[in-house]
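Contents: one structure, followed by commentary.
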Amino acid sequence: MNRPNSIDEAVARSLEKYFRDLEGTPPNCIYQMVIQAVERPMLEVVMREAHGNQLRASEMLGINRNTLRKKLQNHGLL
Numbered sequence: 403m404n405r406p407n408s409i410d411e412a413v414a415r416s417l418e419k420y421f422r423d424l425e426g427t428p429p430n431c432i433y434q435m436v437i438q439a440v441e442r443p444m445l446e447v448v449m450r451e452a453h454g455n456q457l458r459a460s461e462m463l464g465i466n467r468n469t470l471r472k473k474l475q476n477h478g479l480l
């Protein structure tokens, strides 16, 4: 289901703007840039919704709790 305000549409619009703003400069490390931009706010919101419970948050995300903990550490969210 593709809604006008869906996350994928927001990412697509942001990337299109990013390419426009480059004005001919070659892009670099786009994958890592997008993952970093999306992952931190996602983790913040999910942890808030899970009331800080890492097990619950990992279930919501569909990832292992240890993986979640590593991601939280990487983003300085512990």
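Just so we're aligned: 441 in this note's numbering is position 39 of the sequence shown, and the numbers increase by one with no gaps anywhere.
The C-beta atom is built at its ideal place from N, Cα and C for all residues, glycine as well.
Owing to the predicted nature of the structure, the values given are computational and were not obtained by experimental measurement.
Touching by the beta-carbon criterion (3+ pairs, under 8 Å), the stretch 445-462 and the stretch 410-424: no
Leu470 and Leu463 closer than 8 Å at C-beta: yes
Which of helix, strand or coil DSSP assigns to Glu425: coil
Pairwise C-alpha distance: Asn407 and Lys419: 16 Å
Buried versus exposed, by CB contacts within 10 Å (16 or more), Ala459: buried
Asn468 versus Arg442: straight-line alpha-carbon distance, rounded: 16 Å
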